[in-house]
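A.B. asks: Residue numbers (our numbering): -18 to 165. Input: one structure, supplied below.
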């Protein structure tokens, strides 16, 4: 497992659009389908990365807290499933159901969506405002597997609260860190 940080897509970037397979509903889901009236969180994730496993429950907690406040959420896995079969769509569906994801868990088979977002690691977090402009990209919080710091979601909650107040220059923005996306 190689530790990789986010590439930090430019703030103000318009959310790249997508139409991807949802591993739970078995429907094609677009950005417009998941975007919230107040903002949208896009997370690049996967099943096996220990950094994702470490924060998964808190991500679910945050989504449950902010979905009712007009924030849309989606998780996307772009990993190469030929070499990482534990990240295949059928296993993604199981993970989403077991963890009770309150958001779609989409499969980016071509990896084009990850490239459009300049995603580098799992987890990689992006927050777009109501105008679909990027206002935050970075970490959930300072917790990492084995560092003894509790998972709180403090950085993401702070960024979401600022966005909901109409603040588009959110600081600090510290890169997320995790496993690299498994490119084909």
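Cβ coordinates follow ideal geometry from the N, Cα and C atoms, glycine included. Please read all numbers here as calculations on a predicted model, not as lab measurements.
(1) Residue 136 and residue 25: beta carbons closer than 8 Å?
(2) Go ahead and label residue 50 buried or exposed: buried means 16 or more other beta carbons lie within 10 angstroms of its beta carbon, across all protein chains shown.
(3) Here's the rule I'm using: 16 or more other beta-carbon atoms within 10 Å means buried, otherwise exposed. How should residue 28 be labelled?
(4) Determine, using beta carbons only, whether residue 134 and residue 121 come nearer to each other than 8 Å.
(5) State yes or no: is the C-beta of residue 53 within less than 8 Å of the C-beta of residue 16?
(6) Could you tell me the alpha carbon to alpha carbon distance between residue 162 and residue 147, rounded to whole angstroms?
(7) Just to confirm, are residue -2 and residue 11 a CB contact at a threshold of 8 Å?
(8) Just the Cα atoms here: how many angstroms apart are residue 19 and residue 0?
(9) Is residue 90 helix, strand or coil by DSSP?
(10) Checking the sheet assignment: what are the DSSP bridge partners for residue -16?
(11) Beta carbon of residue 93, beta carbon of residue -12: below 8 Å?
(12) Taking the beta strand (DSSP E) that residue 11 falls in, what are its first and last residues?
(13) Looking at residue 71: is its Cβ nearer than 8 Å to the Cβ of residue 165?
(14) Count the other CB atoms within 10 Å of the CB of residue 85; is the residue buried (16 or more) or exposed (fewer)?
C.D. replies: Checking against the coordinates, here is how it stands:
(1) no
(2) exposed
(3) buried
(4) yes
(5) Result yes, Cβ atoms of residue 53 and residue 16 sit closer than 8 Å.
(6) 32 Å
(7) Yes. Within cutoff.
(8) 21 Å
(9) coil
(10) Its beta-bridge partners are 160.
(11) No. Outside cutoff.
(12) 9 to 11
(13) no
(14) buried
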